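Here the structure is laid out as structure tokens; the discussion comes afterwards.
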Amino acid sequence: MNLAGKRALITGGGSGIGADLARGFAEAGAEVVIAGRRMDALEAVARKTGARAVQADVTDEQSVTRLFLEAGPCEIVIANAGAAESAPFARTSLAQWHAMLGANLTGTFLTFREGLKQMPGWGRLIAIASIAGLRGYPYVAPYVAAKHGVVGLTRAVAQEIAKREITVNAICPGYVATEMTERSVANIRARTGLDEAEALAALTKTSPQNRLIAPAEITSLALWLCSQEARGMNGQALPLAGGEA
19 MNLAGKRALI TGGGSGIGAD LARGFAEAGA EVVIAGRRMD ALEAVARKTG ARAVQADVTD
79 EQSVTRLFLE AGPCEIVIAN AGAAESAPFA RTSLAQWHAM LGANLTGTFL TFREGLKQMP
139 GWGRLIAIAS IAGLRGYPYV APYVAAKHGV VGLTRAVAQE IAKREITVNA ICPGYVATEM
199 TERSVANIRA RTGLDEAEAL AALTKTSPQN RLIAPAEITS LALWLCSQEA RGMNGQALPL
259 AGGEA
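Take 19 as the starting number for the sequence shown in the working numbering and just add one per residue.
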């Protein structure tokens with residue numbers, strides 16, 4: 019994979035999947051711009067990868083517009099920023115609902131829209147969605163709804179731009195070995211009294227492979243979607259969850 023001469027913008031680039039995407043795309047020769055709300059975290063990733071860090075809030079329209087003005091035209095745009103929290107549906111507040119849709123769905127909408135506006139020709143729009151965008155899970159209804167929305171958005175935009183040299187796809191990983199999953203394990207422990215190993219097992223048992231997905235697996239798939247061989251992949255929601263469906 020040689021992405022020399024291409025600029026890749028990655029939201030949520032300060033940790034987890036986003037940080038590994040920055041590593042992988044920089045190693046492939048792309049000029050990488052990472053965005054997020056925490057400048058200290060972004061700068062730490064930038065020092066390791068050579069990426070350029072830009073502070074932005076993907077839920078804010080003006081902030082996303084400024085992000086692309088500062089980044090410059092980007093051939094590759096990866097909407098990775100997101101958030102997750104859990105609660106029984108009957109006790110889910112409207113504020114929690116709006117927070118999950120804002121971080122996961124509105125953020126992807128704004129990132130894709132601004133990214134598409136400035137794509138000079140060839141381009142790739144990639145959403146980091148979730149296996150929760152393809153099936154249901156208890157206690158995370160707003161998150162599931164938002165990720166289903168990301169998959170629907172991906173499919174709709176792909177139809178609009180199919181005659182151009184741009185593809186739009188979503189990667190749908192299962193639980194990933196990141197800080198977000200560590201927080202999920204902590205929540206399970208607090209709610210159930212399980213120890214760390216038992217709480218982690220409660221998450222990994224949903225995967226037929228009985229393991230967490232490594233961030234590098236997501237990066238590899240995203241890089242492949244940017245290849246010439248993947249030009250026919252458009253409007254797809256690609257599960258990366260060890261066979262879970």
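Note that beta-carbon positions come from the ideal geometry of N, C-alpha and C, so glycine has one too.
The structure displayed is predicted, hence computed values, not measured ones.
Identity of the residue in the options nearest residue i by Cα
i	options	result
L119	R109, A163, T83	A163
Q80	E132, L39, I231	E132
A232	A195, T126, L21	A195
L123	A97, S104, A220	A97
A74	R207, T29, F43	T29
I144	A44, Q227, A150, L243	L243
A48	V95, E178, R56	V95
A263	R207, G151, G42, R173	G151
Assigned secondary structure, residue i (DSSP; H/G/I helix, E/B strand, else coil)
i	result
T29	strand
A71	strand
R55	coil
A263	coil
V76	coil
Cα-Cα separation, residue i to residue j
i	j	result
P191	T237	11 Å
A259	K223	11 Å
P138	T199	37 Å
G14	A102	Outside the displayed span of the chain (19 to 263) sits residue 14, for which this structure offers no information.
R142	V158	29 Å
E88	A255	30 Å
D58	A26	20 Å
V175	T83	19 Å
L21	V168	26 Å
With 16 other Cβ atoms within 10 Å as the buried cut-off, status of residue i
i	result
E93	buried
P257	buried
Strand pairing of residue i, partner residues [DSSP]
i	result
E49	R25
T185	R142
C190	P257
Residue-chain proximity (residue i, chain B), Cβ-Cβ < 7 Å
i	result
I146	The chain inventory of the structure shown lacks chain B, comprising one protein chain alone.
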